[in-house]
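A.B. asks: Structure in structure tokens, see below.
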Amino acid sequence: MNKEKNSLAFTLIELLVVISVIGLLASVILISLNSVRDKARYSRMLADMKQITQAGELDLDVRGSYAPDVGAGEATAFVGTYLSAWPKPPCPNWDYDWDNWLDGTPNQGMRITAVNWNGGSGNYRRKFYYCMTTSGTCYLGSGGSPYEIPIQDYSAKTVTCNEN
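Under our numbering, the first residue of the sequence shown is numbered 12, with each subsequent residue one higher.
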């Protein structure tokens, strides 16, 4: 009863090792893709905010003052003239908010903020700021930076679409 061994077949151990390696590589790739996606969101939000800022500055040149403050997700007075449409952030349930707080309040300043809706509690959570003016505090970031991501990782320049 001499059985001839088939040398072309894989053993169960070899198959398990290959499947484990493929799983490990897949998880590394998925983690890398999430990082790239978060950085793309950061770039998109920053570009949107700079576009809103440029439109606001053009409107300022004509009107002599910044457009009035509006609620999150609402278009400002210059949309249609200097901005084709009010942009939508790349995260679901987020909106851009135009803040005109040049009235002497403690947080005075012109800024565009990306906010997300806090699950029906009536409060927006502010996530990402872009300050237009240097007067007032305007929530300046560390080192006088005009950008602040209070919850996100600023050094990595990423925006994660979490609900916290």
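C-beta: ideal position from N, C-alpha, C; glycine also. No experiment lies behind these values; they were computed from the predicted model shown.
Please state whether the Cβ-Cβ distance between Tyr77 and Leu69 is less than 9 Å.
C.D. replies: no
A.B. asks: Using a Cβ-Cβ cutoff of less than 6 Å, which residues in the same chain neighbour Leu105 once the five nearest sequence positions on both sides are dropped?
C.D. replies: The amino acid at residue 105 is misidentified as Leu; the sequence shows Trp. Answer for Trp105: Ala125, Asn127, listed in chain order.
A.B. asks: Here's a check: name, in chain order, each residue in its chain whose Cβ is nearer than 6 Å to the Cβ of Thr145, leaving out the five neighbours to either side.
C.D. replies: With a pLDDT of only 48 at Thr145, under 50, the local geometry of the prediction cannot be trusted, and no value is derived from it.
A.B. asks: Would you mind giving the Cβ-Cβ distance between Trp109 and Thr87, rounded to the nearest angstrom? I have them listed as a contact below 8 Å.
C.D. replies: 5 Å
A.B. asks: Could you tell me the distance, in whole angstroms, from the CA atom of Ala83 to the CA atom of Arg52?
C.D. replies: 19 Å
A.B. asks: Measure how close the beta-carbons of Tyr141 and Arg122 come, nearest whole angstrom, since I'm counting them as under 8 Å.
C.D. replies: 6 Å
A.B. asks: On the DSSP bridge list, what partners appear for Val90?
C.D. replies: Looking at the DSSP assignment, Val90 forms a beta bridge with Leu94.
A.B. asks: Below 8 Å CB to CB, which residues in the same chain sit around Ala220 once its five sequence neighbours on both sides are set aside?
C.D. replies: Only positions 12 to 175 of the chain appear in the structure, and residue 220 is not among them; the question remains open.
A.B. asks: Evaluate Gly75 with the Cβ neighbour count: other Cβ atoms within 10 Å of its Cβ, from every protein chain shown; 16 or more gives buried, anything less gives exposed.
C.D. replies: exposed
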